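Number of protein chains: 2
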Amino acid sequence: MVNTLSTQDLANFEKIFHPQRVAIVGVSAEGFGFGSNTMMALQTFGFKGEIFPVNPKGGTIRDLKIYPRIEDIPGEIDFGIIAVQAPLVPKALEDLRKKGAVGAEILSAGFKELATEQGRALEDDVKRVAKTGIRVIGPNCFGIYCPKSGLTLPPGSEYCNEPGTIAFLAQSGGMANDFIKAGKWLGLRFSKVVSFGNGADLREAELLQYLAQDPDTKVICMYIEGVGDGTAFFNTLKKTAMKKPVIIYKGGLSEAGNRAVASHTASMGGSRMIWESVLSQANAVKVANSWEMSQAALAFTLLPERSFKGITVAGGGGALGVTACDTAEALGIHLPMLKKETQEKILSVLPKPGSSALNPIDVANPGVPPEILREVLFSAAEEESVDLQILIQLLYQYKAFRRGGMPMKEATPYVGIAEMSEEIREKTGKPVVLVLPNNVQGEEDIDIEEVRRAARTLFLEKKILPFENLPDAFTAISRVNRYYERREVMKG
Amino acid sequence: MVNTLSTQDLANFEKIFHPQRVAIVGVSAEGFGFGSNTMMALQTFGFKGEIFPVNPKGGTIRDLKIYPRIEDIPGEIDFGIIAVQAPLVPKALEDLRKKGAVGAEILSAGFKELATEQGRALEDDVKRVAKTGIRVIGPNCFGIYCPKSGLTLPPGSEYCNEPGTIAFLAQSGGMANDFIKAGKWLGLRFSKVVSFGNGADLREAELLQYLAQDPDTKVICMYIEGVGDGTAFFNTLKKTAMKKPVIIYKGGLSEAGNRAVASHTASMGGSRMIWESVLSQANAVKVANSWEMSQAALAFTLLPERSFKGITVAGGGGALGVTACDTAEALGIHLPMLKKETQEKILSVLPKPGSSALNPIDVANPGVPPEILREVLFSAAEEESVDLQILIQLLYQYKAFRRGGMPMKEATPYVGIAEMSEEIREKTGKPVVLVLPNNVQGEEDIDIEEVRRAARTLFLEKKILPFENLPDAFTAISRVNRYYERREVMKG
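As given, the protein sequences belong to chains A and B, one line each in that order.
Per my numbering, the very first residue in the first sequence carries number 16; after that it's consecutive.
Per my numbering, the very first residue in the second sequence carries number 16; after that it's consecutive.
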């Protein structure tokens, strides 16, 4: 069972995520090894507090004195990062606690995940010390990434340092690293990420409970291999999901996946049936992989907090329209017919023949300029049945249209499209979502990819949701819809 | 009903796809318009026969005489391309027939798809002329792309001119254009592509019948909005799919999609249930969109013609392994456990800790060099239960590993990986499939994308199947498996 977090618990969590004085245990003067790498990662990333390296051999590293023992550090410390060999970990943890640390992350491996007697015994020792008054993240983990305080994972010297509102919990350090890295260019901005590995002390239920009340966190993502206390987790999940979206990617639901989970983070995977039912009852947002998780997180972050019942799709090419409809229906997205007057208004500005205003709106020519698209989207936005509009832009088409050797970035009106989309959202309150497929990916067409990335960066700056393809857009939006609709029902 | 193709029918089809003398009706001396564009596309693409432009105004274009009337062309012609206004089409078709043409493609729109009385009447006229001895592709279409003879679609001046073994049938010209264009960099090489638009005469059933016996075609792809004669199509499909894989993307299965189909190519979409059942009975390979179609076509083309029961997955990072297993199970792919001896052999060459040889094989470090991967894959290939191996290469990781300012192309051992994969396939008869995800797509990381494309090009040259992600690989391979396994059963 997880009890409600006390004021003291909350204060400790705040200190763990935003420590002022951090000891890193296991930093060698030679600068090799996990501890040293992590220290350098913190410095490069821009950790805002003080760092106290520890190693029995002493010496200095990057102008910092290395303390032979934790007790040699002057004054109290807030948080410890432990990167010494497994057998030395329980003592280090004990010493950190005595120095006033309210928490520590244990990066070292060599515990329960080995499935040996010694490994299990060492993990029990860690648990025992944790109970005496220091909260533990790990062992066998990558710890905390928190751009606000400047904490980062060992491979995280170049992570994005702009804070955001997405939290991510994962046992797997690799998964945390991948998600943060991909998030940088995908436009995901994080409040807190925790890789908690074996989860000897702090794990999914309690961390989730903290994130539920964390004002910096609006959307929570989780990659789960297995949970410690199922009942506690389910209760916390249910409460949390009533407050903010919790997006869950459950790994290891297959037989072979379960096998891989056991050797990866010493967890039990659990059956697919139980998970499906638990997640559904709690109104968690269930995703099938980390890509879907990223797309859903982006949609929850950049869209207003509500569901979007009526959606238009505009783009060039009739088959695109057919595809759009089929995909929409499969995902429970409604593409309402537009009124006769609206159709006529739209058709009056589009090239003929080939255009259609039935929804999907076929603009006939993929090179229709932003001024015309603006008219089309404004007309559609006037209809009450329309809540959100999706615009498909095949940027590669502009390569064929440009005159002479004009660079793709000049030939492609992505700035105009961004400004127009922003204007429509601001004036009508109805978001415009961009879909930017890249169907031309030859070696000689790298300039198209460059423009696509520049366009995506600009859209993100303007808080316009960008997707790579229509199914991704529909899938993410349908998840947003489902979450808010069910939450309404559950609130009763 | 479709009857068996006669020797004469076959000869005519051969002439239609490989004409020596082609009339293009509706070419203006000023070089504007659909007809002129198509003529220029044929010339740029490299059409191997003679072209005879036709326009009542006469004149010359690009040093070619423009004939005022079709009958003014000296000698017989094989094939006509019609791009005049709809009301002038039936007469042009008639004149082409009189000039000996066995077939014509009508690019012009303005027929049945308008849903007007005049449009329908004109389409009936076209049908009537077609019955007198000239086969018609279209109207409202993009016609034929056939790299062997040099025929191409109107927007196809820069299509790939290397012939291959994939045929593609689509009513939609846009879909045909997109698929050929994407195929260029995806590695799809075509025998014949036909966009037949409204399909007034030749359409899916008869074209499929021709492709079934076409020795240049090994794999058939179809995008279907609606069919003319359902029974004829189903019978032909069933027979064809016993000979070669027929991959079908059926558009317009939703209510809104059906609506879009009607305005796009004047077809009736048909219900989802009926289609699912028909395609399944015929052992057609059903795909949900054109991306899946491309991935399946590539797999059918580059893999040996059989099913692959036991598959290994190798890559770096434990969570990757979990994901792999879950996805595999969902798609009916079997990842067999490796024997104890094989596991030991594999683990002996991999970095520790963190590696695992359970299958998925976790190579622990994403930078493991090709020589080591070679040992791993050879060891796994020795097991009888293994039929195919998937290797995941996160090329972006090499950016972190390189020393100094070394360019990504030098830092990334993709040549070694390609040679190693080829060697394993040649020596063991078991294919190696590469998965090249790009999880780092920031504007500043365009060099990673460049390497990825260069790697994909090289893999394709060596007939090594490349995918962008593991679900795509599993999906495509499971389709190959299912097709060959069911065909065996159906052969009884």
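Beta carbons are placed, not taken as given, at the ideal position from N, Cα and C, and that holds for glycine.
Quick caveat: nothing in here was measured; it's all calculated off a predicted structure.
Supposed close pair residue i, residue j - CB separation, criterion 8 Å
i	j	result
Asp193 of chain B	Asn454 of chain A	6 Å
Val40 of chain B	Ile97 of chain B	5 Å
Phe49 of chain A	Leu122 of chain A	6 Å
Arg112 of chain A	Thr147 of chain A	6 Å
Val583 of chain B	Lys445 of chain B	This structure leaves residue 583 of chain B out entirely; chain B is present only between 16 and 507.
Met423 of chain B	Val364 of chain B	Wrong, their Cβ atoms sit about 26 Å apart, outside the cutoff.
Gln310 of chain A	Phe482 of chain A	7 Å
Phe94 of chain A	Val151 of chain A	Actually they do not touch by this definition, with Cβ atoms about 11 Å apart.
Pro105 of chain B	Val141 of chain B	6 Å
Thr316 of chain B	Lys233 of chain B	7 Å
For residue i, the three-state DSSP class (helix, strand or coil)
i	result
Lys355 of chain B	helix
Pro72 of chain B	Here residue 72 of chain B is Lys; the residue named in the question, Pro, does not match the sequence. Residue state, collapsed to three classes: coil.
Phe482 of chain B	strand
Gln228 of chain B	helix
Ile92 of chain A	coil
Met283 of chain A	Residue confidence for Met283 of chain A is low, a pLDDT of 49 falling below 50, so the modelled location carries little weight and cannot support an answer.
Val261 of chain B	strand
Val337 of chain A	helix
Gln404 of chain A	strand
Asp377 of chain A	strand
Glu65 of chain B	strand
Gly153 of chain B	coil
Met16 of chain B	Interpretation of Met16 of chain B is limited by its pLDDT of 47, a score under 50 that renders its predicted location unreliable; no figure is taken from the coordinates.
Gly431 of chain B	helix
Arg497 of chain B	helix
Ala38 of chain B	strand
Tyr174 of chain A	coil
Leu365 of chain B	coil
Ile348 of chain A	coil
Thr22 of chain B	helix
Lys163 of chain B	coil
Leu79 of chain A	strand
Best match in the options for proximity to residue i [C-alpha to C-alpha]
i	options	result
Lys477 of chain A	A:Phe393, A:Gly431 and A:Tyr499	A:Gly431
Leu313 of chain B	B:Cys161, B:Asp487, B:Gln133 and B:Val144	B:Asp487
Pro366 of chain A	A:Asn374, A:Gly382 and A:Pro375	A:Gly382
Ser286 of chain A	A:Ala339, A:Gly266 and A:Leu406	A:Gly266
Thr131 of chain A	A:Ala101, A:Phe157 and A:Gly153	A:Ala101
Ile405 of chain A	A:Gln412, A:Glu398, A:Tyr413 and A:Leu392	A:Leu392
Thr19 of chain A	A:Tyr225, A:Glu464, A:Asp244 and A:Thr427	A:Tyr225
Gln361 of chain A	A:Ala119, A:Ala372, A:Leu346 and A:Glu425	Contrary to the premise, residue 361 of chain A reads as Ile rather than Gln in this sequence. Comparing Cα-Cα distances from Ile361 of chain A to each of A:Ala119, A:Ala372, A:Leu346 and A:Glu425, the minimum goes to A:Ala372.
Ala136 of chain B	B:Ala215, B:Gln58, B:Gly90 and B:Pro68	B:Ala215
Ser43 of chain B	B:Asn304, B:Pro68 and B:Thr180	B:Pro68
Ser164 of chain A	A:Phe157, A:Gly153, A:Gly179 and A:Pro154	A:Gly179
Asn176 of chain A	A:Leu184, A:Ser206, A:Phe183 and A:Met190	A:Ser206
Start and end residues, beta strand (DSSP E) containing residue i
i	result
Phe47 of chain A	No beta strand (DSSP E) contains Phe47 of chain A, which DSSP labels as neither H nor E.
Met237 of chain A	Val234 to Ile239
Ala182 of chain A	Ile181 to Ala185
Ser206 of chain A	Phe205 to Ser210
Val300 of chain A	Val300 to Val302
Tyr160 of chain A	Gly158 to Tyr160
Thr316 of chain A	Counting along the chain, Thr316 of chain A falls outside any beta strand (DSSP E), though it belongs to the alpha helix (DSSP H) covering Ser305 to Leu317.
Gly330 of chain B	Ile326 to Gly330
Glu120 of chain A	Gly118 to Ile121
Residue i - containing alpha helix (DSSP H), residue span
i	result
Gln133 of chain B	Glu132 to Lys146
Lys445 of chain B	Where Lys445 of chain B is concerned, there is no enclosing alpha helix (DSSP H), given that its DSSP letter is neither H nor E.
Ala107 of chain A	Val104 to Lys113
Thr472 of chain A	Ile461 to Glu476
Met190 of chain B	Gly188 to Leu201
Thr167 of chain B	Unbroken run through Thr167 of chain B: none, as it is neither H nor E.
Met423 of chain A	Met423 to Ala426
Residue i CB to nearest heavy atom of the ligand MN below 7 Å
i	result
Thr255 of chain B	For the ligand MN, the structure offers nothing, since it holds no ligand at all.
Q) If contact means a Cβ-Cβ distance below 8 Å, which residues of the region 455 to 472 of chain A contact chain B? A) Against chain B - using a Cβ distance shorter than 8 Å - the residues of the region 455 to 472 of chain A are Val455, Gln456, Gly457, Glu458, Asp460, Ile461, Glu464, Glu465, Arg468, Ala469 and Thr472.
(Q) Taking beta-carbon pairs under 8 Å, can you tell me which members of the region 238 to 256 of chain B lie near chain A? (A) So the list reads Tyr238 and Glu240, given in the order they occur along the chain.
Q. Residues in the region 191 to 219 of chain A with C-beta within 7 Å of chain B's C-beta atoms, listed in sequence order?
A. Listed in sequence order: Asp193, Lys196, Ala197, Lys199 and Trp200.
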